[in-house]
Structures are given as structure tokens and as C-alpha cells.
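One structure is given below, encoded as C-alpha cells.
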Amino acid sequence: MTQLALVIDLNVCVGCHACVTSCKEWNTSGWAGPLTDHRPYDKDPTGTFFNRVQTFEIGEFPKTETVHFPKSCLHCEEPPCVPVCPTGASYKRKDNGVVLVDYDKCIGCKYCSWACPYGMRELDEYQKVMKKCTLCIDRIANDALPEVERKPACVLACPTSARLFGDVHDPDSEVSIAIREQGGYQLMPEWGTKPANHYLPRRKTRIQIFEDELERADNPLRKEAPLPAAEGETLDDVSF
Amino acid sequence: MDYNDQDMGRVEVKNTTCYMCACRCGIRVTLRDGEVRYIEGNPEHPLNKGVICAKGASGIMKQYSPARLTKPLLRKADAGRGESKFEEISWDRAFEIMEERLGKIRKTDPKQFALFTGRDQMQALTGLFAKQFGTPNYAAHGGFCSVNMAAGLIYTIGGSFWEFGGPDLERAKLFVMIGTAEDHHSNPMKVELSKFKRRGGRFISINPIRTGYSAIADEWVPIKPGTDGALILAIIRELIQQGLFDREFLVRYSNAAELVINDPEREDHGLFKRAEKPVEEGCFDPQNKLWWDRDLNAAVGTHTPGCDPRLLGEFELEDGTPVKPSFQLLKERVENYTPEWAEGITGIPVETIRRLAHEMGITARDQTIELPIQWTDCWDNDHNTVKGNPVAFHAMRGLAAHSNGFHSIRALGILMTLLGTIDRPGGFRHKAPFPRPIPPCPKPPKGPEDVQPETPLNGMPLGWPADPNDLFVDEDGEAVRLDKAFSWDYPLSVHGLMHNAITNAWRGDPYRIDTLLIFMANMAWNSSMNTSKVRDMLVDRDENGEYKIPFLIVADAFQSETVAFADLVLPDTTYLERHDAMSMLDRPISEYDGPVDSVRIPVVPPRGECKPFQEVLIEMGSRLKLPAFVDEEGKRKFRDYPDFVVNFETSPGSGIGFLAGWRGKGGEKFLKGEPNPRQWEMYAQNNCVFHYKLPRSYQYMRNWNKGYLEWARAHAMTRYAEPITVHLYSEVLQKFRLAAQGKRPGKQPPERLRKRVEMYFDPLPFYHDTLESRLVDTHAYPLNALTQRPMAMYHSWDSQNAWLRQIHTHNYLFVNPRLGKANGFHDGDWIWVESPHGKVRCMARFSNAVEPGTVWTWNAIGKAAGAWGLTPRANESQKGFLLNHLISEELPACEAGEHMSNSDPVTGQAAWFDVRVKVYKAGADEPEITSPQFASQRGLPGQQLRKGRWQAFIAGVFRKKAGISE
Amino acid sequence: MHPAFSVIFLTTLIGAGQGLFLALVTGQMYSLANLLQPQDSLSFYATGSSLSLLLLVAGLLASFFHLGHPERAWRSAACWRTSWLSREVIVLPLFMLLVAAYATVHYLGLTKPLFVLRDVIEVDASLLLGILGAVAAFALYICTAMIYASIKFIEEWHSPLTVINFTLFGLASGFMLAAAFSAWKGVDLVGFYGAWAVVFTLMAAVSRGMSLQRNTHLVHKSTLQTAIGIRHKGVVQKAQGFMGGSFNTREFFHGASDSTLRLVYWFFLCMVFVFPVLLLAASYWLASPYLPVAAFAVQYLGLMAERWYFFAEARHPQNLYYQSMA
Ligand SMILES: Nc1nc2c(c(=O)[nH]1)N[C@H]1C(S)=C(S)[C@@H](COP(=O)(O)OP(=O)(O)OC[C@H]3O[C@@H](n4cnc5c(=O)[nH]c(N)nc54)[C@H](O)[C@@H]3O)O[C@H]1N2
Ligand SMILES: Nc1nc2c(c(=O)[nH]1)N[C@H]1C(S)=C(S)[C@@H](COP(=O)(O)OP(=O)(O)OC[C@H]3O[C@@H](n4cnc5c(=O)[nH]c(N)nc54)[C@H](O)[C@@H]3O)O[C@H]1N2
Ligand code: SF4
Ligand code: SF4
Ligand code: SF4
Ligand code: SF4
Ligand code: SF4
Ligand SMILES: [Mo]
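Chains as they are written, first to last, in numbering that gives the first Met the number 0: chain A, 0 to 239; chain B, 0 to 965; chain Z, 0 to 325.
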């Protein structure tokens, strides 16, 4: 069975929010839209987004790490949000594992959002139905698009390509390899939700310098050694 | 289920170039029923290769923003300036008003018209207009932006970071980023940075703050603001001491081995000893200098075949002149700049400084790259390979926006040269039209006589002084320009000093002007220092009740803070509605492998009566009969801007125009060639870019690459094919110093400035405290206050964007928790930040990612109430704040003058990041709202304000159904 | 969690409605067993169960305010196999139907025994409906409570105590209401219902006390470390990706200050447990018909506060992601 998902590489994410607005932009006029905004030009503007980027700080100065953390539906393999839905509006697609909401069936009871430990669902307060990342189902399952574009909007947008997309059940896919080789992990594993999306941790490159590397025969300073002194007497001056 | 929405409505896909920021990525715009459905990165564009950023993807909300201006507006006769009471007028009327006013000025004193433009990308046209009009009072953002970066490196290596060159991350192994938050190379930097990290490159960030790019650095080196010069000089010292420099590179490609006259008694002390040999009359650096030959133990001409010159030592020429190689002088200069000394200044531990130096030096030395590329240098030596030392740097305003930035940046240029990384693989790489001669050829006018009624300016409004006689001063040695650029106050202010234009015009120092035209700059807010007072100056009147700045024209696309102060408002189009040319004459988007320029082609029609500002300039140029815009009979030469772009040539028959691609009658030529009537079509067919890939052998070592330089000359990119030797030692600076010491004939500085020029025109970089720190009480104001660009906002212009403003709705002052504790406030508290120039009330956010002596905030998130189509209650004006209120545009009175600009004394670069502050808790009885507050701005005629409602944007057919208010 | 008034009304109203119905049926059983005086079908059982129905209808109405699309509410019966909400949506109307039938049977006086069990127990339609209704009432308690208790990562709720509490609170308030109703009607069952109400209230005090105790000592499984997958003690959020609020900050945070929270806590402890018992005790001595009514009113108010607190005290793990903004 196929399980499509995102793998997000925290090692390179710079927190630019490109994935946030490209998602909004693609989806608001698309199958999953509109993504409503409330008080767009007033106090406390708020709106529906499928994806947000958060920032965390780790450790105390000067040993501080700043981590940017993109956050969208993880398309759990055991999605607790699906069985609780009383109407069947929330469902997980059998063929590719994408978790979706059928807006026409949704009664806006919010129960599924309570049942998502990650807070990945947002009620659209204008349309009064539950919304969430669709993994851009209208791109990835749209045969009318050229193959290379059958990827989520956020994946195509991301300047650091921190967002990988593919089938986490296919051991040879880019995402599976990345998870395997780079320590991909799941969020809140304690709940057994088996998120399909994974995150890749920070990795550090360090340089080791050995003392003896500083002194070498080809040190250019040798060339600049002062000229032999041309002062004072020499044997040439005194011996006959 | 069918998810496809592509066949709904009338779908069109068009390519153009983004302008949600200065990066200029290629975008593909999908329209549905004529409305923007989707904007994505153009995968075929060389710059962004398909990716896009947060701003770029939010272009829709800018296009349909309620802040948009749609009508030309004239201030109501009975309304005061700044009250934003306007009446709609026709374009005809607007043109008449300007024609009458500007016509009169041009007939009498063209200086009375000043044109200042902000973060625009058409300086080729605005500069041309100013020159043709005959006014020297023209500048763009460069002076308040990063001119230190441009001048510091161009006067050193003939190219620079900023838009002129960058790090070769594809091949680098160690990358050191200094003082950069987001920059103009926004998407490409991100693309490269992630590839670099994934390849296992080591990334070090030197920055007082760890956010954005620095977040993913392998090592963060927190530094005290304004002290990078000390760090870099200490690293240079360590590299020289350890012998960790590329000797061969220094000898052949820099002036390290060239002999400098070393006799303080002499008039020519500190100049290069030059052989008496005939040189081409040029604008720079003739090749007649000397090396000290180790075998002959005598001076020989530089680059004498077979000669291996001395880099260190002290010698005497045959005529008795004592000389030293400039490297010797450099070594002496850095002698006292020990890591221990630098630790005390920068706050970086000695071990870290040493280790940084060693990492750089050893990586450069031991991980060399050799590419099998054959090339020939300017001295006719053939090379079978191109070598590279894979240590790359990038730096921007963290270095530039300090008053000691010029010398810090010179030091950086020297560091890169010591490591042997100039225009080499894995190091720094130029972008066409760079490298250019040191300094580049264009020169400013020379004196008041160059400004004449009804005559184009004699000289370029902005140029590159090579010696004191190139300064633009009157007989007393005082400034001719309004902003005092190119005067002894700021001799190398190659981008002008826009940040002082309003203050100077208001004070009438050096003179009053009549009309100020501001294009694409928000000078009543973000691009002014001392913002509150500048706003007062704009409405201040003289004894006769006349405004001190009598007429203010603002060309903008949105309801900015500045628009409120205009007498005449010219509504511009958005980037999706107009033609634009990112020209080789300004700052093209060139890649390392060759020149690239690009265009915008409209994808939607202009809204309301918006008119591209270019059309306004061409119309005005034609009406005023400026020579470039009319034929011999005084008739209009160009139908419109696209027609101008195709047919304009820098001089008749020069073959050089705004666009470099598809020139010649049939589009068969590039860079130079006759106008091609189908040029726009050809750009349209080619993703709106022209990219010329240089042959591999011309792609590296371009300062000294004979083939490249000759090619560049043949294609009119440069006037000289002479080698561009790195100025480790700057003779140009020494000439100014000699003049200040009274040792040079020609232009002399006024007495008040002699010492200042003498001090800061040091031919070798040195470290000095920022000017502000020297003049204010740093015990009373112990902290540095900085701003950073957020990745998801562009300056002040994105708060109108319904999507982006949700990400940054207001700003906090980030402070280290230690600082909060010491000052008795908590995370989230309201506090005051106070500088010697003003104070601002704001909210604090604790952060461990900032050096404890620094506080910072995101730039320009705070807004004036009612601006940008926002309601007066919007968080931007109630909780958001602008740091600019704390930063003065002028220094406290000092020996050099009462009103010296708060700028680098060499370049006039605005010293935004020098400001010193203190912080303390706001009183419990104080309102929880930012201070200062300004009377709320009114909506303007033609603006479609939407308040407090739902917005559900769906392009095209469904729009009405979804209830978007339009 | 953000306490939504629609849900507070829903759960407290139907809880009391169910309890009242159960009280009536209990009374009927006792009288059947000759432990109590039989009561008048029309004025006591029909009116009482109508009152119960009224509460159920009111609760149902309140619940509609919780829905984004009440007109589609009918769809919510679809997933009874997996969703406790769906089950509640099925059981509630079923129960209401039974209550209505029970009321009708009493109203029409169709209390002729249908058959006699073991020669002693005269089974009539009302008794059958009463028993079925009682089963449904308990099922409904379970469904309602399981909506909350089944969400395993809202750990304050994920406990059998939640089901017990909902049931006991429903019973307590229902019997309290029955006592009040009896007092109002001048029926001699105040003591009977009152005694049960006190018993249930005290039991509820114990079970709620246990859940409060449990919740204060609860160590949440999820931490910021597991939420973002970074092992370090000092992880602190700086930005949450937006600043003007979102569904995530509105739905999952109560937004009240600590002092409000404490106030509500003591308020509901007094109003649910202490005052009603005191009032009932007083009514025992004073024999005032108003006091049991007051006791119910006080307890109901207290229960609303309790339900508010029930939501407010639940800390959803998603909140880990929404601690600070910049
Ligand atoms: N998203 C976005 N992109 C933009 C812009 C924008 O507004 N938004 N603006 C564009 C423009 S006009 C420009 S000029 C560029 C500027 O691009 P940057 O040069 O990246 O501009 P700043 O945001 O000013 O960043 C300055 C950085 O220097 C650091 N810094 C300050 N003082 C010092 C110091 O003394 N030493 C060191 N080592 N670091 C220091 C600050 O912490 C900050 O990280 O960005 C361009 N790109
Ligand atoms: N405190 C502090 N202040 C700073 C800086 C800092 O780091 N700290 N950075 C400085 C730097 S480097 C820069 S470059 C300046 C930038 O400062 P400005 O150049 O003033 O930039 P903006 O504030 O964005 O204002 C640009 C104006 O252009 C308008 N505009 C946008 N698009 C169009 C268009 O298509 N046509 C026209 N006609 N107008 C348009 C916008 O509405 C806005 O009014 O800010 C400077 N100010
Ligand atoms: S677009 Fe990529 S780099 Fe930017 S915030 Fe999203 S994941 Fe991170
Ligand atoms: S992340 Fe939340 S919404 Fe998405 S599938 Fe998992 S539980 Fe459901
Ligand atoms: S809000 Fe909609 S999707 Fe979620 S549980 Fe209710 S009906 Fe299902
Ligand atoms: S996959 Fe699509 S819907 Fe999901 S976050 Fe990315 S762009 Fe948004
Ligand atoms: S980096 Fe700048 S030019 Fe490129 S997409 Fe973003 S806003 Fe547009
Ligand atoms: Mo800038």
C-alpha cells in the first residue's frame, strides 16, 4: 500500500514561510479552498492556513540553537482524527494514505480537531467546516499536470528543498532513504498515531585541526625570512 | 474524484519577474478569468530555478490590496500637508502641474529639483532622467542601504557582495556568513545554502543574533555589533603570523608586493613608487609599479617574468627612496591587533578567534580545487588549470550599516585575498558587469559649473572618485549636492546620502530646494532615520508660511506613510502590471558564469488609472524636451516605455541600451548591437531573461583574465582591459589623506574636516569605534539596538498583504533574558527603549539567541495608524513599533561640524546599526500601546478599503460565490 | 480546552434530564415494590418526564449551536461503529423518544398491567418503557462521557472517572431535580429523592475529587521535546507562525487567568457539593418547598461551572505548539 507523506529536513529549514503562503495561495483557489481570512486588514487578523512555521530556541546563550519547525497534517497511518468523526467526513484514502475532509459531509463539530494531538486541523470559521493539509491532493493526484509538478505546492516552493515528498512505504523512495539514513523521526510517537510525515534532525559539520597542520615546510613565511645581514666585518675584510 | 481545477474558467499562464523583493526571481503566473490564480517560481529561470519565497507566493494579496492607489491625487487647497486630504485629478492635470513647475526650475536652477528613489530597480532610467534634467540631486537607496559594502569591496577587489558578486557555495568547503539576515539574493542563497550543507560543507555565522540562515549554521559566533573590523583584523594577523596565506596569489594578483614610498617627510609618502614609463591615459592604476627582486636585491617592474618578489622587508631604491612592500605595511598594521585585543572588543573568546583563523587558513591551503580550465592572464602567462581555495564568505549590512563599516569591509576584502579566494572556484565570484576597474570609471561632476540651466548635468549624478580632484565641491571645498555627497564630508559617497536629503532641504543647508520627487521610498517612515522629526520637517513652514520643502511629489503604488505628506500623488502600477528592465546599466541579475538581465512583462492590466512611473518619466522627459527623450526638432522620441527600452541607446549608435539580449536588427547580437524591434517578444519567449554563458576559460580569475577582459571591452562592459589588481593597500585613500595633510595640490578639505579625512582615509584598514559610540555616553546607553529583515516581509510594504501580515502582525524587542533580569522586567512586558535621540515603548520578548549587549527587532513591522489600508486599530500601529525613531540622521555636534550625517565618514553609509540604547520597564499606569503614536491616516480617494470583514479569495469564477469583497 | 457554552449546556442539561428520568423510574419501581406510595401518573410521572424531555430538548438545541452546519446534523449518525459522538447522536434521540413515550403512556394513563411477573410484579407499558429508557439513559451517559474519555491524549479526560463523573453528576442533579419537583408538587418524595441526591452528590464528590486529584498530579506523556522531537531540557517556543490568533489558540485554550480558574474551582466545589447538601438538609428541618428547588438551581449552576472547569483543566497536547509568539 502506498503512504504518501512529507519529510521535513530541519537541518536546512531556514524558516522562510514560503511553504506557508504558497500553500495558502495554491489551495485558496483550488479544490480545498477558499482559505478564509478574518479581519484581514484589522486588529488581530486571523485565517485558515494548512501549514505554519514555528520557531523554537534550545539552550542558553551562547549555546543556543534556533530551530524552525514547519507544521502541517502528518497524514498519520493510524489517524485518531478519522474514527471519531461522526459523519464520515474525515477519511483516509485507501490508495495513497492521504487524510482528507469531505466538506460536504462535515458538520463542523470540531471533534476531529480534538482528536488530533498535533493541532493540525483548523476549522474554517467562515465556511464552518474542518480544513487541513490535503497533501495537495489536487496536484499529486491530478493527471492533467505534468509529472514533475505532481507535487505539493509547498514542496515545489521550498527554497531549501527542506520538504521531501514521496511514498514512505516504498523502501527505495527518496523519503524512505532520507528517513533511514538521516535519522528521520515522528512527532509524539507516544500516541501510536504513526505519523506518515517525518522530520530529519539537525546535523553538524565540524573541522578537526591538528597542531602540526599549522607548521609546514611550504610555509610561505620561510620565503620572507630576512635577507642575510650585510653589516659588519667578515672574514673577507680581515683575512689575507 | 476529479480534483483538477485547471479547466475551470479561462486559464492563462504567463511568465514575468517577481518584485515582492529585490531578488528578482522568475515567476509563472496562472490566471483564471483574468485574475491571479497562482504564482509559482519559474523552473526555467536561472536565479530561482522554480522555487519561490513567502513574499513571492503572496503576490496575489498585494495585487488586490486595499492599500492600492488608483487615481492621481492633488492635496486639497484648504488642507494642510500631512492631513491626507486629496482631490482626484486627471493625469493631464498632473502632467501640467509638473511641467510648469519643473520647466521653471530647469530654466533657472536645476538643483532645485531633487529626485530620490528607494528600493527601486530602474536607476538606469531615473538616473538618466536626473542627468538629462540637469540636477545632481539624485540618488537611490544605496547610501542608506549598503554603500559601505559596495565601496569597501569595489575599492579593494573591483567587485563586491550585494548584487555584484557572491560566494561560490557549489564548490566551497567552508562558508562564513557575516551580518546577513535575508539579503537581495534571497532565494538563490537559500537554494545554495541547503545544497552546501547537504554536501557536508561547514557553515559558520558571525552575527549578534541567531535567526534565519544563522539558525542552520554549524557554528554561531555571537559578536558585539560594530566590532567585526577588530575580529577580521585579528584573523588577518593570525593568518599572517602562521603563514596561512596564499603567497602566490598575493604576489601575482594583488599589490601586496608593490613598493610603497615610506618617508613621512615626503609629499608622496604612502604612494606607490612608479617607474617612469609611458602609461595609457586612463582612469586607474597604471601598471608601472615596482617589486623588490630577491635575487637581484633590487627593484624591478611588477610582474617581471621570473621574478619572485619580496613581500616583507624594508628597502631603499637607487635614488635613495625608502620603500616597503605593501604587505609589510599590512603586517605592521595588524601587529597590535592580537586575538587577545579583539576578544575584549568583540566578546569572542581568543581560542575561537584563533580557531576561526586556522579553519579558514587550513581549509584554504589544504583543500584546494583545481579545475582543468585553460586561461591566460594579463601578463600572457598561460595556465592549464584554474585553482581555488574553498573558503567562501558572504556579508551584508551587519558589516555595512555601521560607521566603521568601510574599513571592516576593506579588511574582509583583504582577508579573502590573503586566502586567495577572489573570483576563484569555492571562493568569491563576480557577477557581470563586475569586476570593474578600481575604482570604476564614471565620475561625478566636479563643481558648481557642471550644473547649468536647460543643460544636462556634466558628469554622472553618481560616480566613483579616484582622487580628491574628482570631488563635487565648490571653491570653499563645500558640497554642491543637496545631500553633500562627494564632498569632503563623505568623499566616497558613491551612492549618495538619501537619508539626509529631507533634513538638508528643510534646513536649507547647503540650500533650499523647490520640488522633491520621491519614488518608491517610504521616507516618512522606514527609510528615514529620526522618523518623527522628519515627519515634522515635511510639514514645517518658514516665516512666510511657505512649506520649507515647497512641493512634494510622491510616486507610489500604495497608501504608504509618505503618501500622506504629498502635494501630488502619482499612482504607480504593480509589478504584475508593467514592463520593467533589470538592466546591465543598473544591477542586472547576472550569474557567476556570465551576464544575465531580465524583464517584467505585464500579466494583468493596470488597475484604475495607475500608470507605470516609467511612462511618467518618459512623458515628462518629452514635455520638458530633455535631449535624450526628444529628437532634434524637439518632438517626442519614444511612444512609451517598451518603445524606449528597445530604441534608446546610451549615445546615438552606441549599440548599448537597457537590455543586453537579442540586440541587432534580428536579435542576433548581445550586449551591444542596434535596436531590435522584436526584443520584448524574444524576452517573452525566453522566460523573460537573457543569459549569456561565458566560455569556461573566461569564467574565473576575471580581474586578471586577459581573454575575459578583452571580451568585456569588446562587448562594452568595461572601457579598459587592464588587470584589476587587488588593492590590499589603497593608494586612492592615501591621496585623500595627503590632501588633508596639505601635501597635495588641488582640492583641499575645509579646515574643520582635515583631521577627519586624515584619520579615516587610511590606506590600510584599521579598527575604530563607531562614531556614535565615540560621541554619546555609552555607560548611560550600554546596549546596541539592531533590526533584521524578516524573510516574510519586505521593508514597510507588506503589511497591506492579508497573508503576510498574519505572520508578522506586530513586533517585539528581543532581549537576552539576562538583560531582562538585570533591568527588572519579564518576557512580554511593556518596556521603554531609549536612545540619546528618542524613546519608544514596545513589548519585550526574551531570547537566548541574541548577544546580551544587543537588543533587536524585525524591521518596519510597526506602522503609522491608518496607513497601508489597515484600520487604525490594527496591531501594526498599536503594538508594533519602528526602531527608526531612536536613530538620528545626524551626529551630535563635533569638531567636523554641527550637522554631520550619522554615516560612515568615508562613504556616507547610513549607520543604522550604531544606535546605542537603554531599556527599562514601562510604568504600570502607562497604556499598553506603542509610543510614539501619530494621528491616524485617512483613506484616500480611489482606495478601496475593506474593514473587519471576511475575505475568502478564490480567483475567477467562484469569486463572487465565495463572497470576497472587491 | 476552550469551554464552549453550547457543550456545557448540552452535557449538563441532558445529564440532569437523564437523571430526572432515572429518578422517576426509580420512584416507580420502589412504589411497585411497595416501598413507596404510588404517585399519580398524570401529575407526577407525565409532568416529571415531560420536564426531563424539556431538558433533553434544550440540551439538544444547545448542541446545535456547537455545530458549524446544524442542517447537516443528521449525517452524524453515520459512524456509530467508530465514533462515540455518532453513538451519542443516535442514543440521545432514542432516549428522548423513550422518555416521550413514557410521558405519553403516563399522560394517557395506559398503566393497565400487561402481564404479571412471578405473580407479584405488575408490568405495564410505562414500566417497560421506563426500563428501556433507563438503559438508554445509562447508555447516553456513557456515550456522552466517552466522547471525552476516549480521546487518549487529553489525559485529564482519558479515565473511567470521566464516565463515572458524568453519570454521577447526572444522577445527582437529576435526583436533586426530582426532589425539587416533588417539593414543588407537594409530593411526599422529597426525602426519598433528596436522600438519593445527597448520596449521588457525595459519590460524585468522591469521584470528582479523585479526578481532580489525578489531574493535578498528572504527568503528561507529551512534552515539548516529543512534540518537536528535540532532546534538550531548555526548549522554548519563540514564534508560532501567526500573531492574531488561530483556531488552535481559540479552541484549545480557555484564555482565563489563573485566578479566574481558581475562583471557578472553589465556586463549583461549593455550588455542586456543599451548598445543595446543606440546602437539602435545611429543607429537611424547615420543610420548605423552595429549598430543594434552590438546591437544584444552585447545583445546576455549579455543574455548569464544573463543566467549564472540566474543559479548562484539560490540557491538549497541541497546546505545546502554541506557547509564545513573536
Ligand atoms: N525578506 C526581505 N528580504 C530583503 C529585504 C526585506 O526587507 N525583506 N530587504 C532587502 C534590502 S533593501 C537589503 S539592503 C538586504 C539586506 O540584507 P541584510 O544585510 O541581510 O540585512 P539586515 O536584515 O539588515 O541584516 C543585517 C544582519 O546583520 C546583523 N548585524 C548587525 N550588526 C552587526 C555587526 O556589527 N556584526 C555582525 N557580524 N552582524 C551584524 C544583524 O543581526 C542581521 O542579521 O535585504 C534585502 N532582502
Ligand atoms: N531601522 C532600519 N531602517 C531601515 C533599514 C534597517 O535595516 N533598519 N534598512 C534600510 C534599507 S537597507 C533600505 S533599502 C530602506 C528601504 O526603504 P524604502 O525604500 O523606503 O522601502 P519601503 O519602506 O518598502 O518603501 C518603498 C515604497 O515603495 C512603494 N512601492 C512598492 N511597490 C511599488 C511599485 O511597484 N511602484 C511604486 N512607485 N512604489 C512601490 C511602497 O508602497 C513603499 O511606499 O530601508 C532602510 N531603513
Ligand atoms: S519553505 Fe522550506 S525552508 Fe522555508 S520555512 Fe518552509 S520548509 Fe522551511
Ligand atoms: S496529524 Fe492530526 S489531522 Fe493529521 S492525520 Fe494525524 S491526527 Fe489526523
Ligand atoms: S468537524 Fe467535520 S470532519 Fe471533523 S469530526 Fe466533525 S464532521 Fe467530522
Ligand atoms: S502539502 Fe499542500 S496542503 Fe499540505 S501543507 Fe503542503 S501545500 Fe499545504
Ligand atoms: S525572493 Fe524576492 S523576487 Fe524572489 S520570489 Fe521572493 S519576493 Fe519574489
Ligand atoms: Mo537596502
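Backbone N, C-alpha and C define an ideal beta-carbon position, used for all residues, glycine too. If you're wondering where the values come from, they're calculated on a predicted model, not measured in any experiment.
Under the 8 Å criterion on CB atoms, Cys269(Z) is classed as non-interfacial with respect to chain A. Within the region 79–163 of chain B, the complete beta strand (DSSP E) runs of at least 3 residues fall at 85–87 and 112–116.
Within 10 angstroms of the beta-carbon of Gln451(B) lie fewer than 16 other beta-carbons, which makes it exposed. At a C-beta separation below 8 Å, Arg844(B) has these neighbours in chain Z: Lys237, Ser323 and Ala325. In this structure, Gly861(B) sits away from Leu885(B), with a CB-CB distance that is not shorter than 8 Å.
Proximity of the beta carbon of Met792(B) to ligand 7 is not indicated: no heavy atom of the ligand is located closer than 7 Å.
Proximity of the beta carbon of Arg170(B) to ligand 8 is not indicated: no heavy atom of the ligand is located closer than 7 Å. A contact is defined here as three or more CB-CB pairs under 8 Å, and the region 69–87 of chain B meets this definition with respect to the region 565–580 of chain B.
Leu163(A) and Val6(A) do touch by the CB rule: their CB atoms are close to 4 Å apart, below 8 Å.
Taken through DSSP and simplified to helix, strand or coil, His357(B) comes out as helix. Shown here, Asn468(B) sits in a helix according to DSSP, grouped into three states. For chain B, the residues of the region 24–46 of chain A that bring a beta carbon within less than 8 Å of one of its beta carbons are Glu24, Trp25, Thr27, Ser28, Gly29, Trp30, Gly32, Pro33, Leu34, Thr35, Asp36, His37, Arg38, Pro39, Tyr40, Asp41, Lys42, Asp43, Pro44, Thr45 and Gly46, in chain order.
Between Leu456(B) and Leu124(B), the alpha-carbon positions lie close to 15 Å from each other. Between the alpha carbons of Gly190(Z) and Met324(Z) lies a gap of roughly 56 Å. A Cβ of chain A is located within less than 8 Å of the beta carbon of Thr81(Z).
Taking a cut-off of 8 Å on C-beta distances, the region 400–410 of chain B does not touch the region 430–439 of chain B, as fewer than three cross pairs fall below it. Taken atom to atom, the span from the alpha-carbon of Tyr591(B) to that of Lys430(B) is near 5 Å. Residues are counted here when their Cβ sits less than 8 Å from a Cβ of chain A; for the region 158–174 of chain Z the count is zero.
Taking 8 Å as the cut-off, the Cβ atoms of His714(B) and Pro45(B) do not count as close.
Along the length of the region 225–271 of chain B, whole alpha helix (DSSP H) runs at least 4 residues long occupy 227–241 and 246–252, reported in chain order. In the three-state scheme derived from DSSP, where H, G and I count as helix and E and B as strand, Leu173(B) is classed as strand. Interface criterion not met: the Cβ of Ser729(B) is under 8 Å from no Cβ in chain A.
Interface with chain Z (8 Å Cβ-Cβ cutoff): Gln53(A) is included. With a cutoff of 7 Å, Arg773(B) does not count as near ligand 4, since its C-beta is closer than that to no heavy atom of the ligand.
Residue contact check for Ser85(Z) against chain A: a CB pair falls below 8 Å. As for any alpha helix (DSSP H) of minimum length 4 sitting wholly inside the region 445–522 of chain B, the runs are 497–506, ordered along the chain. Think of a sphere of 7 Å around the beta carbon of Leu310(B): the chain A residues whose beta carbon falls inside it are Glu223, in chain order. Around Gly240(Z), the beta-carbon contacts reaching into chain B at under 8 Å are Ile806. Sequence-ordered contacts of the region 179–199 of chain B with chain A read Glu181, Ser185, Asn186, Pro187, Met188, Lys189, Val190, Leu192, Ser193, Lys194, Lys196, Arg197 and Gly199 [C-beta pairs closer than 9 Å]. Taken in chain order, the complete beta strand (DSSP E) segments of 3 or more residues contained in the region 407–450 of chain B are 427–429. Restricting attention to alpha helix (DSSP H) runs no shorter than 4 residues, the region 328–405 of chain B encloses them at 338–345, 349–365 and 396–399, ordered along the chain. Here DSSP, grouped into helix, strand and coil, assigns Met60(B) to helix. At least one heavy atom of ligand 6 falls within 7 Å of the beta-carbon of Ala152(A).
Taking 8 Å as the cut-off, the Cβ atoms of Leu223(Z) and Leu126(Z) do not count as close. Contact check for Thr35(A) against Gln805(B) fails: the beta carbons are separated by 8 Å or more. The Cβ neighbour count for Pro145(A), taken over all protein chains shown within 10 Å, is under 16; the residue is labelled exposed.
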